[in-house]
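Q:
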Ligand code: FAD
Ligand code: 2HG
Ligand code: ZN
């Protein structure tokens with residue numbers, strides 16, 4: 051999503067921030083941990099570490115930091131801290147640890163599982179001002195920056211050196227690279243460039259006690275001991291605050307083509323994907339899908355222009371190729387499409403070669419999340435499943451919910467086996483919620499799927515971790531947490547079950 055679109059949505063939803071019920075009231079069984087309550091002395095201590103304007107305490111100013119992007123969870127923090135350097139983060143955490151003040155790390159606050167906002171009154175430690183790009187190595191692509199660089203800005207900068215960030219997602223105009231690493235974000239091109247566990251070369255992080263862990267190597271290969279940076283990737287701010295990231299940026303492709311295809315059945319989508327891997331091989335860079343309900347939501351709610359190939363009861367597949375020779379790539383894609391049309395696997399399609407047309411098509415896919423919010427309340431699920439049963443999750447859920455919902459739709463990263471299943475209602479309904487959960491988690495576990503493919507567990511899904519991880523594995527996670535954050539001040543009530 052571009053920053054402009056994001057702001058437009060946020061502006062439209064500003065009025066609803068006040069209506070979001072506090073998490074402490076929504077979850078009355080949840081007990082605040084025995085943390086200190088922030089005092090004037092603490093605020094003074096923070097003012098001594100950070101200069102004017104970087105310790106926010108004004109209630110109105112704090113509002114946006116206390117509520118998540120989905121407007122479903124809300125904390126009541128009394129303080130947002132905006133460090134600029136690793137040293138400042140270290141001083142803050144060292145102080146909070148001594149006083150046992152709980153802290154929630156926050157990047158762009160675009161997370162979708164309630165991980166980035168306080169549950170009670172945790173202090174918000176924001177990476178907003180840690181936005182310096184430190185080095186871009188044109189020869190190797192290794193790029194080092196502070197955690198608060200906005201993903202889209204990072205991509206724009208590395209583009210000047212002929213490189214690209216290997217991660218792209220709808221929230222790129224707002225999310226921070228530190229937030230991306232902390233959630234191990236997947237996005238639109240994981241199929242081609244792999245996960246951040248592979249492309250992140252190094253991380254600098256500050257532990258709960260203020261100790262700086264410098265694993266900020268830019269080396270491709272380094273087998274000296276345990277690979278500690280992996281612990282910070284995807285741990286959602288529970289093990290440390292990431293201050294710097296080194297990421298391997300591949301060469302920016304010279305030729306990009308995008309096809310939007312209409313496929314009459316989900317079996318057809320699998321055939322398209324299988325054949326695309328075979329025929330487009332090295333140039334295939336994305337394989338995404340959205341069903342009719344998703345297309346109707348984004349075009350209807352955002353008044354976006356429908357693609358010329360809008361059909362009913364169709365599944366749309368977005369296939370992107372990225373390579374170095376436009377003639378060769380286009381020829382390959384056209385040949386592939388001819389074959390797919392010839393066999394009837396694909397019934398219609400359009401190929402975009404011009405960047406502006408490609409952007410229009412990508413917007414349809416990237417803005418589904420935003421359009422869903424305009425229905426009222428959105429129940430959001432992000433699951434990994436074997437492709438053979440992938441879309442059955444949507445069909446079964448529709449049957450189960452009947453007319454109790456506005457829509458139930460499926461879209462996402464089909465090339466990665468990652469389904470985004472969303473249900474909307476006008477207002478939150480406990481009945482609908484209880485029909486979905488734990489049914490969907492059981493359904494997913496039955497196929498050995500994952501109940502969180504890319505958004506993480508955060509606050510909302512932490513108690514369902516057992517559907518995807520064994521008890522000994524969960525216990526080992528708890529032990530790691532105990533070693534790295536013994537006073538449990540970093541992002542409490544998140545990731546690990548109660
Ligand atoms: P936040 O939302 O601020 O934080 C997310 C988590 O990381 C929290 O637990 C927070 O405590 C922790 N955290 C943040 N910064 C730090 C830090 N410096 N150190 C330690 N912990 C930290 N996700 C995907 O995986 N793929 C997608 O395709 C995708 N598309 C999206 C599209 C839209 C429109 C939206 C709104 C969200 C999308 N997301 C997607 C989810 C979200 O954008 C990602 O999870 C993103 O990586 C979060 O980054 P952020 O900076 O906003 O982090
Ligand atoms: C995407 O891929 C994001 O667009 C959001 O991960 C998914 O809205 C969702 O469910
Ligand atoms: Zn996604």
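In the working numbering, the protein residues as written are 51 to 548. By construction, the Cβ of each residue, glycine as well, lies at the ideal position given by its N, Cα and C atoms.
Between residue 134 and residue 144, what straight-line distance do the alpha-carbon atoms span, to the nearest angstrom?
A: To locate residue 134, count along the chain shown from 1; it is residue 84. To locate residue 144, count along the chain shown from 1; it is residue 94. Those two C-alpha atoms are separated by around 16 Å.
Q: Tell me which residue opens and which closes the alpha helix (DSSP H) that residue 532 is part of.
A: Translated into positions along the chain shown, residue 532 becomes position 482. Here the alpha helix (DSSP H) through residue 532 covers 521–534.
Q: Is the beta carbon of residue 365 less than 8 Å from the beta carbon of residue 339?
A: Start at 1 with the first residue of the chain shown, and residue 365 comes out as number 315. Start at 1 with the first residue of the chain shown, and residue 339 comes out as number 289. A contact, by the Cβ cut-off of 8 Å.
Q: Going by beta carbon distance, what residues of the same chain come within less than 8 Å of residue 352, once the five residues before and after it are set aside?
A: Locating residue 352 in the chain shown gives position 302, counting from the first residue. Within the same chain, residue 352 has close Cβ partners 417, 420, 421, 424.
Q: Could you check if residue 463 belongs to the surroundings of ligand 3, using beta carbon to heavy atom distance under 7 Å?
A: Numbered from its first residue, the chain shown carries residue 463 at position 413. True, at least one ligand heavy atom lies under 7 Å from that Cβ.
Q: Let's test the definition: count the other Cβ atoms within 10 Å of the Cβ of residue 94 and tell me whether it reaches 16, buried, or not, exposed.
A: Here residue 94 corresponds to residue number 44 of the chain shown, with the count starting at 1. Counting Cβ neighbours within 10 Å, residue 94 comes out exposed, since fewer than 16 surround it.
Q: What did DSSP end up calling residue 378 once you bin it into helix, strand or coil?
A: Residue numbering aside, residue 378 sits at position 328 when the chain shown is read from its first letter. Helix, per DSSP.
Q: Taking the C-alpha atoms as reference points, what is the distance between residue 444 and residue 323?
A: On the chain shown, position 394 is the one that residue 444 refers to. On the chain shown, position 273 is the one that residue 323 refers to. Near 19 Å, if we compare the C-alpha coordinates of residue 323 and residue 444.
Q: Within 10 angstroms of the Cβ of residue 239, are there 16 or more other Cβ atoms? Answer buried if so, exposed if not.
A: Here residue 239 refers to the residue found at position 189 when the chain shown is read from its first residue. Burial call: buried.
Q: In the DSSP output, what is residue 309 paired with across the bridge?
A: One-based indexing of the chain shown puts residue 309 at position 259. Looking at the DSSP assignment, residue 309 forms a beta bridge with 369, 401.
Q: Looking only at its own chain, which residues have a Cβ that is under 8 Å from the Cβ of residue 136, when we skip the five neighbours before and after it?
A: Within the chain shown, residue 136 is the residue found at index 86, counting from 1. For residue 136, where only same-chain residues beyond five positions count, the Cβ hits under 8 Å are 254, 256, 262, 293, 294.
Q: Could you tell me which of 243, 252, 220, 206 sits nearest to residue 228, measuring between CA atoms?
A: For the purposes of this step, residue 228 is taken as the residue at position 178 of the chain shown. The option with the nearest alpha carbon to residue 228 is 252.
Q: What is the rounded straight-line gap between the Cα of residue 147 and the Cα of residue 514?
A: Taking the first residue of the chain shown as position 1, residue 147 is located at position 97. Taking the first residue of the chain shown as position 1, residue 514 is located at position 464. One C-alpha to the other measures close to 29 Å.
Q: Mapping the DSSP letters down to three states, classify residue 328 as helix, strand or coil.
A: As a first step, residue 328 must be located in the chain shown, where it is residue number 278. Residue 328: helix per DSSP, three-state reduction.
Q: Identify every residue that forms a DSSP beta bridge with residue 193.
A: Taking the first residue of the chain shown as 1, we reach residue 193 at position 143. Residue 193 pairs with 186, 297.
Q: Just to confirm before moving on: does the CB-CB distance between residue 503 and residue 446 stay below 8 Å?
A: Taking the chain shown and counting its residues from 1, the one referred to as residue 503 is at position 453. Taking the chain shown and counting its residues from 1, the one referred to as residue 446 is at position 396. Cβ atoms of residue 503 and residue 446: not closer than 8 Å.
Q: Identify which residue in 471, 335, 108 has its Cα closest to the Cα of residue 490.
A: Here the question's residue 490 lines up with position 440 in the chain shown. When only C-alpha atoms are compared, the closest one is 471.
Q: Between the alpha carbons of residue 289 and residue 141, how many angstroms are there, rounded?
A: Position 239 of the chain shown, counted from the start, is the residue given in the question as residue 289. Position 91 of the chain shown, counted from the start, is the residue given in the question as residue 141. Between residue 289 and residue 141, the C-alpha separation is close to 17 Å.
Q: Less than 6 Å between C-beta atoms, sequence neighbours within five positions excluded: which residues of the same chain meet that for residue 207?
A: The count along the chain shown starts at 1 and reaches residue 207 at position 157. If we look at residue 207 and ignore the five residues flanking it on each side, its Cβ neighbours are 183.
Q: In this structure, does DSSP put residue 323 in helix, strand or coil?
A: Residue mapping note: residue 323 aligns to position 273 of the chain shown, counting from 1. In the structure shown, residue 323 sits in a helix (DSSP, three-state: H, G or I).
Q: Say yes only if the C-beta of residue 481 is nearer than 7 Å to one or more non-hydrogen atoms of ligand 3, and no if none qualify.
A: By 1-based counting over the chain shown, the position of residue 481 is 431. No, Cβ of residue 481 sits at least 7 Å from all heavy atoms of ligand 3.
Q: Please report the distance separating the alpha-carbon of residue 460 from that of residue 259.
A: Position 410 of the chain shown holds residue 460. Position 209 of the chain shown holds residue 259. For residue 460 and residue 259, the distance between alpha carbons rounds to 43 Å.
Q: Do you know whose CA, among 121, 152, 519, lies nearest residue 501's CA?
A: Along the chain shown, read from residue 1 onward, the residue named residue 501 stands at position 451. When each option's Cα is compared against that of residue 501, the closest is 519.
Q: Which residues share a DSSP beta bridge with residue 430?
A: Along the chain shown, one-based indexing puts residue 430 at 380. DSSP lists 472 as partners of residue 430.
Q: Assuming residue 260 is part of the alpha helix (DSSP H), what are its boundary residues?
A: Residue mapping note: residue 260 aligns to position 210 of the chain shown, counting from 1. That residue, residue 260, is in no alpha helix (DSSP H); it is neither H nor E in DSSP.
Q: Give me the Cα-Cα distance between residue 209 and residue 302, rounded to the nearest whole angstrom.
A: Start at 1 with the first residue of the chain shown, and residue 209 comes out as number 159. Start at 1 with the first residue of the chain shown, and residue 302 comes out as number 252. If I take the Cα positions, the gap works out to 7 Å.
Q: Going by the C-beta, is residue 240 closer than 7 Å to any heavy atom of ligand 2?
A: As a first step, residue 240 must be located in the chain shown, where it is residue number 190. Residue 240 Cβ: outside cutoff for every heavy atom of ligand 2.
Q: Classify residue 525: buried if its beta carbon has 16 or more other beta carbons within 10 angstroms, exposed otherwise.
A: Position 475 of the chain shown, counted from the start, is the residue given in the question as residue 525. Residue 525 is exposed by the Cβ-count criterion.
Q: Please classify residue 97 as buried or exposed, where buried requires at least 16 neighbouring CB atoms within 10 angstroms.
A: For the purposes of this step, residue 97 is taken as residue 47 along the chain shown, with counting starting at 1. Exposed, since its Cβ has fewer than 16 Cβ neighbours within 10 Å.
Q: Spatial neighbours of residue 53 within its chain, please: CB distance less than 6 Å, with the 5 preceding and 5 following residues excluded, ordered by chain position.
A: Residue 53 sits at position 3 when you count from the first residue of the chain shown. Because residue 53 sits at a pLDDT of 43, beneath the cut-off of 50, its placement in the model cannot be relied upon, and the point is left open.
Q: Does the segment 103–121 come into contact with the segment 159–177, if we say contact requires no fewer than three beta-carbon pairs (one atom in each stretch) closer than 8 Å?
A: They touch, by the three-pair rule.
Q: For residue 131 and residue 103, I'd like the C-alpha separation in whole angstroms.
A: In the chain shown, counting from the first residue as 1, residue 131 sits at position 81. In the chain shown, counting from the first residue as 1, residue 103 sits at position 53. Cα to Cα, the separation comes out at about 9 Å.
Q: Between the segment 311–320 and the segment 366–379, can you find at least three pairs of beta-carbon atoms closer than 8 Å?
A: They touch, by the three-pair rule.
Q: Closer than 7 Å by C-beta to residue 291: which residues in its own chain qualify, once you throw out the five before and the five after it? Chain order, please.
A: The count along the chain shown starts at 1 and reaches residue 291 at position 241. So the qualifying residues of the chain are 139, 143, 155, 175, 255, 256.
Q: Ordered along the chain, which non-local residues of its own chain (more than five positions away) have a Cβ less than 8 Å from that of residue 318?
A: As a working mapping, residue 318 is identified with position 268 in the chain shown. 365, 395, 396, listed in sequence order.
Q: Which whole runs of the alpha helix (DSSP H) in the segment 119–170 are 4 residues long or more, in chain order?
A: Whole alpha helix (DSSP H) segments, 4+ residues: 136–149.
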